[in-house]
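Chains A and X, in that order, give the protein sequences. Be aware that the first sequence starts at 3, since it is given in this note's numbering, and climbs by one per residue. Be aware that the second sequence starts at 18, since it is given in this note's numbering, and climbs by one per residue. Scroll down for the structure; my scribbles are underneath it.
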Amino acid sequence: MVQRPPRDGGSVDRPADRGQAHTLEGVVASLILLSAVVFALEMTAVTPLSASTSSQHIENQQEATARGVLASASETGALKRALLSWNESSDQFFNTSNLGYFTTDSPPNEFGEMLNRSFNQNGVAYNVYLGYQNSVGERETQQYIYQGRPSDNSVQATWTVAIMKNDEIHDYEENPTGTLVGDEPSYFAPPASDSSVYNVIYVEVIVWRI
Amino acid sequence: MASREGANSRSHAGRERRGQTTLDFAIGMSIFLLALTFVLVFVPGMLEPFSGGAQAETPAVNRVADDLTQRTLSNASHPYVLDAECTEELFTAGVPAECRYDGTTLADRVGIRDFAPVNVTIRGDLPGTTDGESILCYDSGTLKETGSGCTTVLSGGSKPAGSGGKTVSAKRVALLDGHDVTIEVVMW
């Protein structure tokens, strides 16, 4: 017995081999519990840990706010004045940079101030696009304000503005210059018809939280 | 037994190594209990947003805000353009005949039953005043920011009791007297 080879000595030492068995069991049991939680997290589509900064309720508020701003700006005429404030010599809107559209600063006009009051102070970014019909009847888009690529949780509000042939181009202070839109070939939207309606601008505001 | 080796091995198997088993059991158990506690603490937090407190008020608060800005205080052909007189009278006792609401309390006028308190506040940043939004008011027909002699403050309904309660709010931007204002409806 005493002279047995070491392999049998192992059976004598069994309690010693079980020295860490309970620790191992504890670790394994914890792993099972944690993997159950991870599995449950992966199964649900939206959890507090999902990479989203928004909720449906907030998106609804932003969309309604954007629509309210557009409606207000349209009612006071600020929206149309902003669209008609066109610099004929540089072929872009007044007060824009070389890019031809506004970026981080909102336009220095009444429409821009409305957007500013509603969004800028609240950590919200927005883009404004102007859709119009080109000379062959297809829809084209011009950027008016571009603050970046919208996130997946962005919302959109739209408003249509009819530009008439006898509407006047406005200067940088939004005063009419006397030049009619119909007589201004550099304006971003071409005449869409021969009637008194020059073109219909489809103003699209995209809002998202940053 | 006869050899020194045998005596050594027996003494290890007998006392010292069984002593380590108890320690091992303590470590194993505490690891397991720690994991169990973590899971029990973590899971309710994971489910919490789905069982949020004031979810029933969310559709109601949006309905009140949309109704005020698109129907009650304005009309469908000019949504978000508020009628000055009806807006002022919404926060006073009387109801002009041409306004599309009736009832005595604000909750009645926006169509909310008693069990859900509602608060409506109109804020704005008028030109020629300090920067930043403040609550608006009417002073004999003139729209002002509060703090300078008001007859009708454009805020009404109940006030949230204490702090820490959950509220749901909806915000709309509308045009009042040629200024863009923010209408905030809060329910709880």
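For glycine and all other residues, C-beta sits at the position ideal for the given N, C-alpha and C. Everything numeric in this text was worked out from a predicted model, so none of it was measured.
Asked                                                                                                                            : Found
Residue 217 (chain A): contacting residues in chain X (beta-carbon distance under 9 angstroms)                                   : Beyond the ends of chain A as shown, which are 3 and 212, falls residue 217 (chain A); an answer cannot be given.
Cutoff 8 angstroms: residue 136 (chain X) Cβ touching any chain A Cβ                                                             : no
Limits of the unbroken alpha helix (DSSP H) element including residue 58 (chain A)                                               : 58-78
Alpha carbon of residue 42 (chain X) to alpha carbon of residue 24 (chain A), nearest angstrom                                   : 5 angstroms
Test: residue 44 (chain A) CB closer than 8 angstroms to a CB of chain X                                                         : no
Nearest neighbour of residue 36 (chain A), chosen from X:47, X:45, X:59, X:44 [CA to CA]                                         : X:59
Sequence ranges, beta strand (DSSP E) only - wholly within the segment 160-206 of chain A, length at least 3                     : 170-172, 178-182
Amino acids of chain X, ordered along the chain, whose beta-carbon sits closer than 7 angstroms to that of residue 29 (chain A)  : 48
For residue 140 (chain X), the nearest candidate out of X:157, X:128, X:164, X:95 (CA to CA)                                     : X:164
Touch test, the segment 178-189 of chain A against the segment 76-94 of chain A, Cβ-Cβ under 8 angstroms, three pairs minimum    : yes
Test item: CB-CB of residue 144 (chain X) and residue 205 (chain X) under 8 angstroms                                            : no
Within-8 angstroms CB hit, residue 162 (chain A) to chain X                                                                      : no
Check whether residue 174 (chain A) and residue 149 (chain A) have beta carbons under 8 angstroms apart                          : no
Alpha-carbon to alpha-carbon, residue 81 (chain A) and residue 97 (chain A)                                                      : 16 angstroms
6 angstroms Cβ shell around residue 75 (chain A) - same chain, five flanking residues per side excluded                          : 81, 113, 116
Proximity of residue 137 (chain X) and residue 202 (chain X) at Cβ, strictly below 8 angstroms                                   : yes
Where residue 164 (chain A) falls, given that 16 or more other Cβ within 10 Å makes a residue buried                             : exposed
Segment contact flag, the segment 186-200 of chain X with the segment 112-130 of chain X, C-beta cutoff 8 angstroms, min 3 pairs : no
Buried versus exposed call for residue 110 (chain X) [16 or more other C-beta atoms within 10 Å across all chains shown]         : exposed
CB contact check: residue 123 (chain X) to chain A, cutoff 8 angstroms                                                           : no
Three-state secondary structure assigned by DSSP to residue 14 (chain A)                                                         : For residue 14 (chain A), the pLDDT reaches just 46, beneath the cut-off of 50, and the residue's location in the model is therefore unreliable, although a value from the coordinates is still provided. In the structure shown, residue 14 (chain A) sits in a helix (DSSP, three-state: H, G or I).
Identity of the residue in X:198, X:189, X:197 nearest residue 84 (chain X) by Cα                                                : X:189
C-alpha distance - residue 64 (chain A) paired with residue 42 (chain A), whole-angstrom precision                               : 32 angstroms
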